[in-house]
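Counting with this note's numbering, you get residues 1262 to 1462 for the letters of the sequence shown. Cβ coordinates follow ideal geometry from the N, Cα and C atoms, glycine included. So the structure is just underneath, and the comments pick up after that.
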Amino acid sequence: MKRHLARLALAAFGFGLVANAAMAHEFTTALYVTGENRAQRLAEAVNGFLLAADERDGHPAETSDGHLGGVDVQILPLPEAMAASVTGLNGTAQIPPDVMVILGDAPVPAAVLAELGFEGSVVPSGALPDSWAADDSAGSFAQRYRSAYGAEPSVAAAQGYNAARRLDIAIRPLGGVSPRAALDTALAETEGGVNWNRGTQ
């Protein structure tokens, strides 16, 4: 009997390691839009985020919403009442999210954070390159966005793209979103801006 219980405990321990390893290779990012025209801005921000999430590590038949830092990312569009405007998501976002990108000047209401049980990293969208809207060179963000979505990129789309690029840079050396202190430090280092040349860090 004791041997049987020991085997069950070892099997459960091994399963836990596999489950934890699997979970370490994916994370959920909430995109929370504040201010006016939230539904439209949320959809555009998600499009920009998806564009970046497919740039470096994308592959056919993905079951996630893309990859950042070589890790599967799932997107949770918020506020939930605005999420009906969002299309193109494949993954299953987990709650609470690991990271929350804020698009807009207002903070996320404390009631929303409490309802989600959120205790992860909060990411302001960060500074955009000065010439992002004017750069129409081959392979530029504007050209790639038009090719993917058939529309001109908005500020919200650029902010979503920028936030994803910052997460890619922060996550790649960590292989995930932990340790949180290291992630927060890396994200703070890119808040002033990042290089948008495709495939660069």
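Its Cα nearest to that of Val-1360, the residue Arg-1441 stands out among Arg-1441, Gly-1453, Glu-1450.
Ala-1304 is positioned such that its CB atom lies no closer than 8 Å to that of Leu-1339. No Cβ-Cβ contact shorter than 8 Å links Leu-1329 with Ala-1306. Here Gly-1421 is buried: its Cβ has 16 or more other Cβ atoms, across all protein chains shown, within 10 Å.
Taking a C-beta distance under 8 Å as the contact criterion, Val-1334 and Ile-1363 do not qualify as a contact pair. Per DSSP, the beta bridge partners of Ser-1382 are Val-1360.
The distance from the Cβ of Leu-1312 to that of Asp-1326 is about 11 Å, inconsistent with a contact at the 8 Å cut-off. Secondary structure of Thr-1446 (DSSP, three-state): helix. Secondary structure note for Gln-1335: its beta strand (DSSP E) is the uninterrupted segment 1332-1339. Separation of the CB atoms of Ala-1447 and Ile-1430 is rounded to 7 Å, and the pair is thereby assigned contact status at 8 Å. Selection Val-1369, Leu-1389, Gly-1436, Gly-1296 evaluated against Glu-1380 yields Val-1369 as nearest (Cα-Cα). For the options Val-1438, Val-1294, Asp-1391, the alpha carbon positioned closest to that of Gly-1331 is the one of Val-1438.
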